[in-house]
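First residue of the sequence shown? That's 1 in UniProt numbering, and the numbers climb one at a time after it.
Think of the CB as a built atom: it goes at the ideal place given N, C-alpha and C, for glycine as much as any other residue.
Down below is the structure, laid out as C-alpha cells.
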Amino acid sequence: MNGNNKLASVENLMEKFHVYSDQGNNQKAKETLQTALEIQTTKLGDDHLAVAMILHHLGIVLKREGNSDEALESLNRALAIRVKNLGEKHFDTAKTYESIGRLFVEQGNHEKAEEMFQKAVDISLEILPHDDSDLMNLYQLLALSLQMQDKYSEATKIQKSILGTLLETHGEDHFAVVKSYVGIARLLVKENRFDDAHQMLDKSIEICSRLQALGDFDATILAGALGYKAPLLEVQGDWEGAMELFNKVIVIQQEEVGEKHRLTAQAYEALALAYVRRGMLEDAIKVYVKSITIWKTVLVNGHSKIKEVTNAIKVFKHTKALNEQGLAMKAQGDFEKAIQLFQEALNVCNKAMGDLHPHMAIVNENISSVKVEQGLLEDAIAASAEALKIRRRTLGDDHIDTKKRMEAHRSLLKRLLESPSYNILLPIE
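Next up, the structure:
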C-alpha cells in the first residue's frame with residue numbers, strides 16, 4: 001500500500017472510530033484505533049503528532065472499558081509526544097493532562113488528579129480567554145478533585161470565581177451558571193451549611209424554569225440540580241420530599257436520554273443508595289437491578305462499574321438475609337445466635353463495602369439492641385457508638401437518622417450511669 005492509500009485508509013479508519021464511539025461500541029472503536037495506530041507508527045514513526053492523537057483517543061476508549069493501566073500508558077505516551085513536538089503551552093497538551101486527570105478521578109487518586117487538572121488550568125490560562133468554556137470546565141474539574149480531598153475552602157474559592165466569570169459573561173439565565181450554583185451547593189453541604197446550599201439549588205432550579213419558558217432548555221441539567229437537592233432534603237428529615245425528587249430525576253432522564261443511558265442508570269443508583277441509608281435493602285436491591293440492566297447495555301462486559309453494582313446487589317442480598325435471620329433469632333430469644341448472624345452480616349459488608357458503609361450502622365444498631373436485651377449495657381453502648389460514628393461520617397450530624405442514633409446513644413449512656421452495678425469513684429475536691 002503506497003503512502004496516499006495508507007493516508008486514505010487511516011482517514012477512513014478514524015471516521016469509523018468516531019461512528020463506533022458515538023454508538024458506544026468500545027470494542028470496535030478500540031480495534032479500529034489499534035489498526036490506525038499500527039499504520040501511522042509504521043509510516044510516520046513513534047513520535048509523530050498523528051500517532052499522539054490516536055494514542056489519546058485509545059486511552060479514552062480503554063478508560064471506558066475499565067482498563068485503567070493500559071489507558072494511563074496510552075495517554076502518557078500521547079502526552080510525551082505532544083510535549084516534545086508542541087511544548088507544554090499548547091491546547092492539545094492541556095487536553096491530554098485533562099484526560100489523565102479524569103482517569104485518576106475514576107481510580108480514586110484525587111491527589112494526582114488535582115496535579116493534572118492544575119497543569120491543564122495553568123496552560124489554558126496562558127492560551128485561552130478567561131471566560132473560555134474549556135477553561136471553565138477545567139476549573140470545575142480542579143474544584144471537584146479538591147473537594148474529594150476534603151479541601152473545601154480551596155474548592156469553594158474556585159467555584160465562586162467560576163460563578164463570577166460566568167455571571168459577567170452570560171448573565172444569570174445560562175445553563176453554565178446553573179451548573180456553577182449546583183457546584184457551590186455541593187460544597188456548602190460538605191460544610192453543613194444546608195440553608196445556604198438550599199438557596200444555591202433553588203436559584204439553579206429557578207433559572208431552569210426561566211430557560212424552559214424561553215424554550216432554551218436542557219432538562220438533564222435540571223435533573224442534576226434536583227439530584228443534589230434530594231439528598232439534602234433527606235438529610236433534613238424530609239424523606240417524602242427527597243423520594244419525590246429522586247424519582248423525578250429518573251423520569252426526567254428517561255424522557256430526555258432514554259432508559260438505556262448512563263444518566264438514567266446513575267439516577268437509579270442515587271435512589272438505591274437513599275434506600276440503603278434508610279435500611280430499606282429490599283427496595284434498594286430492586287432499584288439496583290434496574291441500574292445494572294442499563295450498565296450492561298451501555299458498557300462493555302467486565303467494566304468496573306458493572307462489577308461494582310453487581311457486587312453491591314450480591315452483598316445487600318446476603319446481608320439482608322443475615323440481618324433478617326438475626327432479627328428472627330432475637331424475636332425467639334436466641335440472642336447468641338442473633339449476635340452471630342449480625343456479626344456475619346458485618347463481616348460480609350465490611351469486606352465488600354468498607355467499615356463506614358451506611359448499612360454497617362444498621363447492623364451495629366441491631367447488635368446494640370440485642371446487647372440491651374441481654375443486659376450487657378457496655379457492649380450495647382460500644383455497638384451504638386460504632387453505629388453513630390458511621391452515621392456521622394456518611395450522613396452528617398444534621399441528618400435525621402444521625403440525630404435519632406445520637407438520642408438513642410445518650411439514652412443508653414444514661415441507663416448505664418443510673419445502673420446500680422455501675423459505680424464511679426469521683427475524685428475528692
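Residue i, DSSP secondary structure in three states
i: Gly66; result: coil
i: Asn323; result: helix
i: Arg278; result: coil
i: Val300; result: coil
i: Pro129; result: coil
i: Asn192; result: coil
i: His18; result: helix
i: Glu429; result: Below a pLDDT of 50, predicted positions are generally treated as unreliable, and Glu429, at 33, falls in that range; no measurement from the model is reported.
i: Met148; result: coil
i: Gly59; result: helix
i: Glu11; result: helix
i: Gly396; result: coil
i: Gly171; result: coil
i: His409; result: helix
i: Lys414; result: helix
i: His48; result: coil
i: Gly87; result: coil
i: Asp334; result: coil
i: Gly24; result: coil
C-alpha gap between residue i and residue j, whole angstroms
i: Val298; j: Lys290; result: 13 Å
i: Ala352; j: His56; result: 34 Å
i: Glu378; j: Gly101; result: 48 Å
i: Lys296; j: Asn137; result: 29 Å
i: Glu240; j: Lys203; result: 22 Å
i: Val372; j: Gln343; result: 16 Å
i: Asn67; j: Ala380; result: 45 Å
i: Glu106; j: Leu413; result: 42 Å
i: Met1; j: His303; result: With a pLDDT of 49 at Met1, under the threshold of 50, the modelled position of this residue cannot be trusted, and the question is left open.
i: Glu70; j: Arg77; result: 11 Å
i: Val51; j: Leu79; result: 11 Å
i: Gln173; j: Gly396; result: In the sequence as presented, Gln is not what sits at residue 173; that position holds Asp. Straight-line Cα distance between these residues: approximately 33 Å.
i: Gln23; j: Asn301; result: 16 Å
i: Asp131; j: Leu144; result: 19 Å
i: Gln236; j: Ile400; result: 6 Å
i: Glu259; j: Thr293; result: 10 Å
i: Lys317; j: Arg277; result: 15 Å
i: Lys84; j: Val61; result: 24 Å
i: Val363; j: Ala36; result: 54 Å
i: Cys349; j: Tyr288; result: 16 Å
i: Leu214; j: His18; result: 33 Å
i: Ala219; j: Thr264; result: 13 Å
i: Ser161; j: Asp398; result: 29 Å
i: Lys320; j: Ser384; result: 20 Å
i: Leu44; j: His90; result: 22 Å
i: Glu244; j: Asp238; result: 10 Å
i: Gln374; j: Val309; result: 37 Å
i: Asp195; j: Phe217; result: 27 Å
i: Lys286; j: Lys119; result: 43 Å
i: Asp382; j: Ser368; result: Here residue 382 turns out to be Ala, not Asp, going by the sequence shown. Roughly 8 Å separates the two Cα atoms.
i: Leu72; j: Leu103; result: 7 Å
i: His409; j: Thr165; result: 48 Å
i: Gly87; j: Glu191; result: 40 Å
i: Thr96; j: His198; result: 36 Å
i: Asn26; j: Lys16; result: 12 Å
i: Pro358; j: Leu281; result: 11 Å
i: Gln159; j: Val249; result: 24 Å
Contact test: residue i Cβ vs the ligand ZN heavy atom, cutoff 7 Å
i: Lys403; result: Among the ligands in the structure shown, none appear at all, so the ligand ZN cannot be discussed.
Interface flag, residue i vs chain C, CB-CB below 8 Å
i: Thr32; result: The structure shown has no chain C; it contains just one protein chain.
| query | Which full runs of the alpha helix (DSSP H) of 4+ residues lie inside the UniProt repeat "TPR" (94-127), going along the chain? | reply | 110-127
| task | Please confirm if the stretch 28-38 is in contact with the stretch 262-279, defined as three or more CB-CB distances below 8 Å between the two stretches. | result | no
| field | the stretch 208-226 touching the stretch 178-185, judged by at least three CB pairs closer than 8 Å | value | yes
| task | Within the stretch 347-384, note down every full alpha helix (DSSP H) run reaching 4 residues or more, in order along the chain. | result | 358-373
| Inter-stretch contact at 8 Å, needing at least 3 Cβ pairs: the stretch 273-283 / the stretch 229-246 | yes
| Touch test, the stretch 327-336 against the stretch 309-317, Cβ-Cβ under 8 Å, three pairs minimum | no
| Every unbroken alpha helix (DSSP H) inside the stretch 193-268 [4 residues or more] | 194-214, 219-235, 239-257
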